[in-house]
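Anchor point for the sequence shown: position 28 equals 27 in numbering that gives the first Met the number 0, and the numbering is continuous, going up by one each time.
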Amino acid sequence: MTDQKNSSERSTLADVARAAGVSPAAASLAIRGKPGVGAETRRRVKQIADDLGYASKPVLAEVDGPTVGLVVKSRPGEEETTNSFYGPVIARITEEAHRLGVDIRLASLLVDEHFQPLAEPALADDDSVDGLLVLGAYLTERSADQLTAKPIVLVDGYCAQPDRFVSLVTDNRRGMRNATAHVLDHGHERVLLVGANRYPSIAERRLGYLDALADADLEPLVIDGDHDGNRSQAIEVVDRLEADRSITAVVGVNDAVAVSVHQELQNRRISVPDEVSVVGFDDIAMAAMLVPGLDTCAVDKGAMGRLSLQLLLYRIEHPHDAVHTTTLATSLRRRGSVGPARTA
Numbered sequence: 000m001t002d003q004k005n006s007s008e009r010s011t012l013a014d015v016a017r018a019a020g021v022s023p024a025a026a027s028l029a030i031r032g033k034p035g036v037g038a039e040t041r042r043r044v045k046q047i048a049d050d051l052g053y054a055s056k057p058v059l060a061e062v063d064g065p066t067v068g069l070v071v072k073s074r075p076g077e078e079e080t081t082n083s084f085y086g087p088v089i090a091r092i093t094e095e096a097h098r099l100g101v102d103i104r105l106a107s108l109l110v111d112e113h114f115q116p117l118a119e120p121a122l123a124d125d126d127s128v129d130g131l132l133v134l135g136a137y138l139t140e141r142s143a144d145q146l147t148a149k150p151i152v153l154v155d156g157y158c159a160q161p162d163r164f165v166s167l168v169t170d171n172r173r174g175m176r177n178a179t180a181h182v183l184d185h186g187h188e189r190v191l192l193v194g195a196n197r198y199p200s201i202a203e204r205r206l207g208y209l210d211a212l213a214d215a216d217l218e219p220l221v222i223d224g225d226h227d228g229n230r231s232q233a234i235e236v237v238d239r240l241e242a243d244r245s246i247t248a249v250v251g252v253n254d255a256v257a258v259s260v261h262q263e264l265q266n267r268r269i270s271v272p273d274e275v276s277v278v279g280f281d282d283i284a285m286a287a288m289l290v291p292g293l294d295t296c297a298v299d300k301g302a303m304g305r306l307s308l309q310l311l312l313y314r315i316e317h318p319h320d321a322v323h324t325t326t327l328a329t330s331l332r333r334r335g336s337v338g339p340a341r342t343a
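In structure tokens, the structure reads:
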């Protein structure tokens, strides 16, 4: 039998979890009678809670399953770009949560230009939240320390300590290698990569581009910069294309960049793909609205949403299992923006 605390000391959920050898989230699920923990764990946690004299806080509206915090990065001026990718992911998380009886709490996470949190992640200290899904952020060591009390899954996100959290990411390097090879297969030899930078997913895509160029024994051409699709960068790209007619194709590090270049080419009456071919990465909704539609490396955002919630529920129930990274494969969408390289 576990020793009870003195009546003057109030036991906390952390005390119960520590004594039971489970996470605070798993202890909370067990005490509240929610799904997500095994029968033996539930029995043991409840017994320890009784022994310690722990009294759980009353709640006004109890749901059948665990409560999950859905934390989405927010960078000033980036709302449209963020929603174009994460909107479908969030929709699928919400649908899956409804199917499983999971309560979702949505919060934003303000990040800087490097996608690093500017403040403590929302919901990190909320005792009613059993785990967190963090979308699109890059966690510094400090912000990671603020999240260690809860099970967490990084969704399309990264951490300065790579093996600290369970994560779900895209196979960026292989996907970009395939997208670039798609362009090369049409006879293009001078292919420009646009928007490369050191953010982990973008850096991986740059490596994929370099892999494809190395396979073909071709010279890489890179314009480093932001990957938010700003028009000033697109103008710089098209200026370069007009000055160097040997460049016949553009690879955007994501669809935001590729769409921006595609539109600027149209503004200048430069034909896509007859004069310049363009390919992107992500398959956001706008990619299908262009004329011609954008060829792109598609990320299965529905699978990303559904699987991320399943990974978190598993983490809540098994908080001490080894940390792992799940990688989603990509597929190529052909819509007409890539064609044969023009002849001089």
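Idealized CB from N, CA, C, for every residue including glycine.
Residue i versus residue j - alpha carbon distance
i: Ser-270; j: Asp-223; result: 24 Å
i: Ser-336; j: Val-250; result: 11 Å
i: Asp-144; j: Val-168; result: 21 Å
i: Leu-146; j: Tyr-198; result: 21 Å
i: Arg-333; j: Leu-308; result: 30 Å
i: Gly-279; j: Ser-330; result: 12 Å
i: Asp-125; j: Arg-305; result: 24 Å
i: Ala-18; j: Ile-47; result: 7 Å
i: Ala-286; j: Arg-41; result: 48 Å
i: Glu-79; j: Ala-302; result: With a pLDDT of only 49 at Glu-79, under 50, the local geometry of the prediction cannot be trusted, and the value read off the model is given with reservation. Using only the alpha carbons, I get a separation of about 22 Å.
i: Val-44; j: Pro-318; result: 15 Å
i: Ala-16; j: Leu-105; result: 26 Å
i: Pro-65; j: Leu-212; result: 48 Å
i: Arg-98; j: Asp-210; result: 41 Å
i: Leu-12; j: Ala-123; result: 15 Å
i: Leu-108; j: Gly-130; result: 15 Å
i: Ser-200; j: Asn-171; result: 6 Å
i: Ala-359; j: Glu-241; result: Here the chain covers residues 0 to 343 and nothing more, so residue 359 does not appear.
i: Thr-295; j: Asp-281; result: 7 Å
i: Thr-139; j: Asp-225; result: 20 Å
i: Phe-84; j: Val-36; result: 33 Å
i: Leu-220; j: Arg-189; result: 7 Å
i: Val-152; j: Gly-135; result: 11 Å
i: Leu-28; j: Asp-227; result: 40 Å
i: Pro-116; j: Tyr-137; result: 7 Å
i: Val-49; j: Lys-300; result: Per the sequence shown, the amino acid found at residue 49 is Asp instead of Val. Each residue's Cα considered, the two are about 44 Å apart.
i: Ala-178; j: Lys-72; result: 27 Å
i: Ala-233; j: Arg-205; result: 18 Å
Assigned secondary structure, residue i (DSSP; H/G/I helix, E/B strand, else coil)
i: Thr-179; result: helix
i: Phe-84; result: helix
i: Ala-16; result: helix
i: Gly-292; result: coil
i: Thr-11; result: coil
i: Thr-93; result: helix
i: Ile-269; result: coil
i: Gly-68; result: strand
i: Gly-279; result: strand
i: Ile-222; result: strand
i: Gly-251; result: strand
i: Val-236; result: helix
i: Val-62; result: Per-residue confidence for Val-62 stands at a pLDDT of 47, beneath the threshold of 50, marking its modelled position as unreliable; no derived number is given.
i: Ala-340; result: coil
i: Pro-116; result: strand
i: Arg-205; result: helix
i: Ser-107; result: strand
i: Arg-390; result: Since the first and last residues shown for the chain are 0 and 343, residue 390 lies out of range.
i: Leu-217; result: coil
Status (buried if at least 16 other CB within 10 Å, exposed otherwise) for residue i
i: Glu-203; result: buried
i: Glu-218; result: exposed
i: Asp-111; result: exposed
i: Val-70; result: buried
i: Gln-265; result: exposed
i: Arg-230; result: exposed
i: Thr-342; result: exposed
i: Ala-284; result: exposed
i: Val-290; result: exposed
i: Arg-244; result: exposed
i: Met-175; result: buried
i: Ala-255; result: buried
i: Asp-238; result: exposed
i: Ala-328; result: exposed
i: Ser-276; result: buried
i: Ser-127; result: exposed
i: Arg-141; result: exposed
i: Leu-132; result: buried
i: Ala-357; result: The structure shown does not extend to residue 357, since the chain spans only 0 to 343, so no value can be given for it.
i: Gly-207; result: buried
i: Arg-314; result: buried
i: Gly-32; result: exposed
Any non-hydrogen atom of the ligand MN closer than 7 Å to residue i Cβ
i: Arg-41; result: In terms of ligand content, the structure shown is empty, and the ligand MN therefore cannot be addressed.
Chain D within 8 Å of residue i, Cβ atoms only
i: Ile-92; result: The structure shown contains no chain D, having only a single protein chain.
### Query
With contact counted as at least three CB pairs below 8 Å, one residue from each stretch, are the stretch 320-340 and the stretch 149-165 in contact?
yes
#### Entry: Complete alpha helix (DSSP H) runs within the stretch 126-195 (minimum length 4 residues, chain order)
140-144 and 171-183
### Query
Are the stretch 81-93 and the stretch 44-56 in contact at 8 Å, needing three or more beta carbon pairs?
no
### Query
Does the stretch 186-196 come close enough to the stretch 253-261 to have 3 or more Cβ pairs within less than 8 Å?
yes
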